[in-house]
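Visitor: Mind having a look at this structure? Questions to follow.
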Amino acid sequence: MNPEFVSDLTVFVLSLLAGFEVISKVPTTLHTPLMSAANSVHGIVLAGAVLIAVTADGPLGYAIAFVAVAFAAMNVFGGYVVTDRMLEMFRPRRDSGETTR
Amino acid sequence: MSAFDTVIRLVYLAAATCFVLGLHLMNSPVTARRGNLLSAGGMTAGIVAALAVLFHAGTARPAALLVVAAGAVAGAGAGLVGARRVKMTAMPQLVSLFNAVGGGAAALVGVHDFLRLGGAPMDVRNSVPLALDTVIGAVTFSGSLVASGKLQGVVPGRPIVFPGSRWTSLALATAMGVAAVMLAAGVGGTAPLAVLALAALAFGVAMVLPIGGADMPVVISLLNAFTGTAVAMAGFVIGNTLLIIAGALVGASGAILTRLMAAAMNRSIGNVIAGGFGTADGAA
């Protein structure tokens, strides 16, 4: 087997395990912001969309690269901003010493 | 490994660390906002690294660079305007929309890689991730659009069940299976990929339509986990570690979150997906 594939597979499995452990007892009020935050993280596909431009050639290649980059950029930029707006709502409550609604 | 490669790899590692810690900080309302900022920092580093690789390679045509710049401006602009203007109550459908385009982008990365190779027979370690990337990405794209439409009221929120819907899903799944095998075997050039993508798009619609609007948050979270997995598969296709790590992280944490959300509503993921329940109005 290709050693690079084996190391990719190792990274994949360990990241899955990290993902299972990383959220534990999240309060109900944070479910939607957490979903939105996780949604922003997979926006890293923008890095992949940028990298395909290295080999993009011809109208079809350019069209695919354009749509992929536009989609991914929308995911990243929109995702982080909307998550931040959701989390802004928690601030006043935190100041009053109350952590969960 | 050249010095440049080493630096890029280390930046990827730093970005991945930020994602893990950032998501972990989201466990508590006190640290959640910091967590999101940390995650955004990791994202910035990862994307800057990808741009550095693009320019360092020096093989990209000027037209391709222009296309990337135009796409980034268009996408980022649409995302920022949407995120700034949306009403608080309409946020879940916007997240679903962002999730849809993320899945679409993941599928397109796979499609691009396949077309570049011109449909030549591939090794199993390439063809399996490619098929999974395309299928999961396309299912999420259309499924999340329908979910978003249901919450927005563009698509009726009530469960839509049409006669023979289960058989339709079964037929679509069969078509995807056959196309995936043909793709792996290198038979039929680019046709199997087209069938795979179209069947997956239809499958996404058929999967979400029968689910009631009240269950949509759970469905969006599930599709979010799907996108994560699709991005990880895209990482295998183009050989990018950061995509694999971030994708797997979201896939797994998204699955846990989906279970928590379903439990909070006294539902199981199984009976949400089975559909046909729920009220006409979204819970958003």
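Those protein sequences? They're chains A and B, same order as listed. For the first sequence, our numbering gives the first residue as 1, with consecutive numbering after it. For the second sequence, our numbering gives the first residue as 1, with consecutive numbering after it. No residue lacks a Cβ here, since even glycine has one placed at the ideal position from N, Cα and C.
(1) Does the beta carbon of Gly71(B) come closer than 8 Å to any beta carbon on chain A?
(2) Mind listing, in chain order, the continuous alpha helix (DSSP H) runs of no fewer than 4 residues lying wholly within the segment 72-127 of chain B?
(3) Report yes or no: is there a C-beta of chain A within less than 8 Å of the C-beta of Ala199(B)?
(4) Taking C-beta to C-beta, are Leu38(B) and Leu66(B) nearer than 8 Å?
(5) Around the C-beta of Glu98(A), are 16 or more other C-beta atoms found within 10 angstroms, so that it is buried, or is it exposed?
(6) For Val219(B), which residues of its own chain have a beta-carbon under 7 Å away from its beta-carbon, when the five flanking residues on both sides are left out?
(7) Is it true that the CB of Ala105(B) sits closer than 8 Å to the CB of Phe71(A)?
(8) Which value, in whole angstroms, describes the spacing of the CA atoms of Leu54(B) and Met43(B)?
(9) Are Leu115(B) and Leu60(A) closer than 8 Å when you measure CB to CB?
(10) Taking the C-alpha atoms as reference points, what is the distance between Lys150(B) and Thr32(A)?
(11) Residue range of the alpha helix (DSSP H) that Met182(B) falls in?
(12) Let me confirm a value: Phe286(B) is counted as buried when at least 16 other C-beta atoms fall within 10 Å, else exposed. Which label applies?
(13) Does DSSP put Ile47(B) in a helix, a strand or coil?
(14) How many Å lie between Ala38(A) and Val124(B) at the Cα?
(15) Quick check: the Cα distance between Asp8(A) and Gly186(B), rounded to an integer number of angstroms?
(16) In chain A, which residues lie with their C-beta within 7 Å of the C-beta of Phe19(B)?
(17) Which residues, taken in chain order from the segment 238-265 of chain B, show a beta carbon closer than 9 Å to some beta carbon of chain A?
(18) Compile a chain-ordered list of the residues in the segment 78-100 of chain B whose CB is closer than 9 Å to at least one CB of chain A.
(19) How long is the line joining the alpha carbons of Thr190(B) and Leu108(B), rounded to whole angstroms?
(20) Taking the alpha helix (DSSP H) that Asn75(A) falls in, what are its first and last residues?
(21) Can you tell me the Cβ-Cβ gap for Ile44(A) and Leu243(B), rounded? I've got them flagged as a contact below 8 Å.
(22) Report the option in Gly228(B), Met233(B) and Arg259(B) whose CA atom is closest to the CA atom of Leu130(B).
(23) Residue ranges of each beta strand (DSSP E) run of no fewer than 3 residues wholly in the segment 243-269 of chain B, ordered along the chain?
(24) Taking the continuous alpha helix (DSSP H) assigned at Ser28(B), which residues delimit it?
(25) Pull up the distance between the alpha-carbon of Ile47(B) and that of Val30(B), whole angstroms please.
(26) If distances are taken between C-alpha atoms only, which option among Leu51(A), Thr29(A) and Met35(A) comes closest to Ile256(B)?
(27) Would DSSP call Ser144(B) helix, strand or coil?
(28) Give the residues of chain A in contact with Ser39(B), contact being defined as C-beta atoms less than 8 Å apart.
(29) Are the beta-carbon atoms belonging to Asn75(A) and Phe98(B) less than 8 Å from one another?
(30) What residues in its chain sit with their C-beta under 6 Å from that of Ser144(B), if we drop five residues either side in the sequence?
(31) Confirm, please, whether the CB-CB distance from Gly137(B) to Gly103(B) is below 8 Å.
(32) Specify, as a first and last residue, the run of the alpha helix (DSSP H) that Ala194(B) falls within.
(33) If you measure from the beta carbon of Thr100(A) to each beta carbon in chain B, is any gap under 8 Å?
(34) Is Leu51(B) closer than 8 Å to Val50(A) when the C-beta atoms are compared?
(35) How about Pro3(A): is its C-beta nearer than 8 Å to some C-beta of chain B?
Guide: Well, looking at it:
(1) What you label residue 71(B) is simply residue 71 of the second sequence in a count that begins at 1. Chain A contact via Cβ: present.
(2) Scanning the segment 72-127 of chain B for uninterrupted alpha helix (DSSP H) segments of 4 residues or longer gives 91-117, listed from N- to C-terminal end.
(3) Counted from its first residue, the second sequence places residue 199(B) at position 199. Contact of Ala199(B) with chain A is not assigned, every C-beta pair being separated by 8 Å or more.
(4) The sequence position of residue 38(B) within the second sequence is 38, counting from 1. The sequence position of residue 66(B) within the second sequence is 66, counting from 1. Taking 8 Å as the cut-off, the beta carbon of Leu38(B) is found no closer than this to the beta carbon of Leu66(B).
(5) Stepping through the first sequence from its first residue, residue 98(A) is reached at position 98. Residue placement at Glu98(A) cannot be trusted, given a pLDDT of 47 that sits under 50; what the coordinates show is reported in the next sentence. Classification for Glu98(A): exposed.
(6) Position 219 of the second sequence, counted from the start, is the residue given in the question as residue 219(B). For Val219(B), where only same-chain residues beyond five positions count, the Cβ hits under 7 Å are Ala147, Val208, Ile211 and Val272.
(7) On the first sequence, position 71 is the one that residue 71(A) refers to. On the second sequence, position 105 is the one that residue 105(B) refers to. Yes.
(8) Here residue 54(B) refers to the residue found at position 54 of the second sequence. Here residue 43(B) refers to the residue found at position 43 of the second sequence. Near 17 Å, if we compare the C-alpha coordinates of Met43(B) and Leu54(B).
(9) Numbered from 1 along the second sequence, position 115 holds the residue referred to as residue 115(B). Numbered from 1 along the first sequence, position 60 holds the residue referred to as residue 60(A). A contact, by the Cβ cut-off of 8 Å.
(10) To locate residue 150(B), count along the second sequence from 1; it is residue 150. To locate residue 32(A), count along the first sequence from 1; it is residue 32. Lys150(B) and Thr32(A) have their C-alpha atoms spaced approximately 17 Å apart.
(11) Against the second sequence, residue 182(B) aligns to sequence position 182. That run of the alpha helix (DSSP H) goes Ser165 to Ala185.
(12) Given that chain B is displayed from residue 1 to residue 284, the structure contains no residue 286(B) and the question cannot be resolved.
(13) For the purposes of this step, residue 47(B) is taken as the residue at position 47 of the second sequence. The answer is helix: DSSP assigns Ile47(B) an H, G or I state.
(14) Taking the first residue of the first sequence as position 1, residue 38(A) is located at position 38. Taking the first residue of the second sequence as position 1, residue 124(B) is located at position 124. Near 30 Å, if we compare the C-alpha coordinates of Val124(B) and Ala38(A).
(15) Locating residue 8(A) in the first sequence gives position 8, counting from the first residue. Locating residue 186(B) in the second sequence gives position 186, counting from the first residue. Cα to Cα, the separation comes out at about 24 Å.
(16) On the second sequence, position 19 is the one that residue 19(B) refers to. Per Cβ cutoff of 7 Å: Val41.
(17) Answer set for the segment 238-265 of chain B: Ile238, Gly239, Asn240, Thr241, Leu242, Leu243, Ile244, Ile245, Ala246, Gly247, Ala248, Leu249, Val250, Gly251, Ala252, Ser253, Gly254, Ala255, Ile256, Leu257, Thr258, Leu260, Met261 and Ala264.
(18) Only Ala78, Gly79, Leu80, Val81, Gly82, Ala83, Arg84, Val86, Met88, Met91, Pro92, Leu94, Val95, Ser96, Leu97, Phe98, Asn99 and Ala100 from the segment 78-100 of chain B bring a Cβ to less than 9 Å from some Cβ of chain A.
(19) Here residue 190(B) refers to the residue found at position 190 when the second sequence is read from its first residue. Here residue 108(B) refers to the residue found at position 108 when the second sequence is read from its first residue. Distance between the alpha carbons of Thr190(B) and Leu108(B) is about 14 Å.
(20) Indexing the first sequence from 1 puts residue 75(A) at position 75. Start and end: Gly58 to Glu88.
(21) Translated into the one-based positions of the first sequence, residue 44(A) becomes position 44. Translated into the one-based positions of the second sequence, residue 243(B) becomes position 243. Confirmed, about 6 Å.
(22) Sequence index remark: in the second sequence, residue 130(B) carries index 130 (1-based). Looking at Gly228(B), Met233(B) and Arg259(B), the one whose alpha-carbon comes closest to that of Leu130(B) is Met233(B).
(23) Taking only runs of at least 3 residues, no beta strand (DSSP E) segment lies wholly in the segment 243-269 of chain B.
(24) As a position in the second sequence, residue 28(B) is number 28, starting the count at 1. First-last for Ser28(B): undefined, no H or E at that position.
(25) Along the second sequence, read from residue 1 onward, the residue named residue 47(B) stands at position 47. Along the second sequence, read from residue 1 onward, the residue named residue 30(B) stands at position 30. The alpha-carbon atoms of Ile47(B) and Val30(B) are separated by roughly 28 Å.
(26) Position 256 of the second sequence, counting from 1, holds the residue named residue 256(B). Ranking Leu51(A), Thr29(A) and Met35(A) by Cα distance to Ile256(B) puts Met35(A) first.
(27) Along the second sequence, one-based indexing puts residue 144(B) at 144. Ser144(B): helix per DSSP, three-state reduction.
(28) Counted from its first residue, the second sequence places residue 39(B) at position 39. The answer, in chain order, is Ala37, Ser40, Val41 and Tyr80.
(29) If you number the first sequence from 1, residue 75(A) lands on position 75. If you number the second sequence from 1, residue 98(B) lands on position 98. Yes, they are a contact pair.
(30) Counting from one through the second sequence, the residue named residue 144(B) turns up at place 144. Contacts found: Ser96, Asn99, Ala100 and Leu223.
(31) The residue labelled residue 103(B) in the question sits at position 103 within the second sequence. The residue labelled residue 137(B) in the question sits at position 137 within the second sequence. The answer is yes: Cβ separation under 8 Å.
(32) On the second sequence, position 194 is the one that residue 194(B) refers to. Segment Ala191 to Val208, the alpha helix (DSSP H) holding Ala194(B).
(33) Against the first sequence, residue 100(A) aligns to sequence position 100. With a pLDDT of 48 at Thr100(A), under the threshold of 50, the modelled position of this residue cannot be trusted; read the value that follows with caution. With 8 Å as the cut-off, Thr100(A) counts as an interface residue toward chain B.
(34) To locate residue 50(A), count along the first sequence from 1; it is residue 50. To locate residue 51(B), count along the second sequence from 1; it is residue 51. Contact: yes.
(35) Locating residue 3(A) in the first sequence gives position 3, where the first residue counts as 1. No, Pro3(A) does not count as interfacial toward chain B.
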